[in-house]
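Engineer:
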Amino acid sequence: LSMDAASCIGCGACVATCKNGSAMLFVSAKFSQLALLPQGQVETYERVQKMVARMDELGFGNCSNTYACMAECPKGISVTNIARMNRQFLAAKIAEPLKK
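Counting in our numbering, the sequence shown runs from 3 upward without gaps.
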């Protein structure tokens, strides 16, 4: 699975085809590539929060589940990466108060 996510070439076709201008497929592929490896799991919560914050800061839209990004992706990156990133983001937000 990590290697599937790693096949993203960063072409931006997913962002260009999305009616919301969402970069979630691109960002989630980069997130999943690291999160699925044992070495990357240590920083998962911090990484997902920073990546989502940066995406928001740059003004990218949210995913509306039309899957146009997946259909357009020349490498066939799956939207399951978006679900993985969303789950980890929620888990990070839940765990955040426990660290304090």
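Where a beta carbon is used, it is the ideal one built from N, C-alpha and C, also for glycine.
Keep in mind it's a predicted model, so treat the numbers as computed, not measured.
How long is the line joining the alpha carbons of residue 1 and residue 38, rounded to whole angstroms?
Structural biologist: Since the first residue of the chain shown is 3 and the last is 102, residue 1 is not available in this structure.
Engineer: Please specify which runs of the alpha helix (DSSP H), each continuous and at least 4 residues long, are wholly inside the region 10-83, giving them in chain order.
Structural biologist: With a minimum length of 4 residues, the continuous alpha helix (DSSP H) runs that stay inside the region 10-83 are 15-19, 26-37, 46-59, 70-74.
Engineer: Mark residue 83 as exposed unless 16 or more other C-beta atoms lie within 10 angstroms of its C-beta, in which case mark it buried.
Structural biologist: Residue 83 sits at position 81 when you count from the first residue of the sequence shown. So residue 83 counts as buried.
Engineer: Got a sec? Which residues, its chain only, sit under 8 Å from residue 72 by beta carbon, not counting five neighbours each side?
Structural biologist: What you label residue 72 is simply residue 70 of the sequence shown in a count that begins at 1. So the list reads 16, 27, 78, 79, 80, 81, once near-sequence residues are dropped.
Engineer: Can you give the Cα-Cα distance for residue 93 and residue 75, rounded to whole angstroms?
Structural biologist: As a first step, residue 93 must be located in the sequence shown, where it is residue number 91. As a first step, residue 75 must be located in the sequence shown, where it is residue number 73. Residue 93 and residue 75 have their C-alpha atoms spaced approximately 28 Å apart.
Engineer: When you compare only the Cα positions, how much space is there between residue 11 and residue 97?
Structural biologist: Numbered from its first residue, the sequence shown carries residue 11 at position 9. Numbered from its first residue, the sequence shown carries residue 97 at position 95. The alpha-carbon atoms of residue 11 and residue 97 are separated by roughly 32 Å.
Engineer: Leaving aside the five residues before and after residue 36 along the sequence, list all residues of the same chain whose C-beta is less than 6 Å from its C-beta, in chain order.
Structural biologist: As a working mapping, residue 36 is identified with position 34 in the sequence shown. Counting only Cβ-Cβ distances below 6 Å, and skipping sequence neighbours, we find 42.
Engineer: Near residue 23, which residues of its chain fall below 7 Å by C-beta distance, leaving aside the five closest residues on each side in sequence?
Structural biologist: The residue labelled residue 23 in the question sits at position 21 within the sequence shown. Within the same chain, residue 23 has close Cβ partners 17, 62, 63.
Engineer: If you count every other CB in all the chains shown that lies within 10 Å of the CB of residue 86, and 16 or more means buried, which is it?
Structural biologist: In the sequence shown, residue 86 corresponds to position 84, counting from 1. So residue 86 counts as buried.
Engineer: By the 10 Å Cβ neighbour count, where 16 or more other Cβ atoms means buried, how is residue 5 classified, buried or exposed?
Structural biologist: Here residue 5 refers to the residue found at position 3 when the sequence shown is read from its first residue. With fewer than 16 Cβ atoms within 10 Å of its Cβ, residue 5 is classed as exposed.
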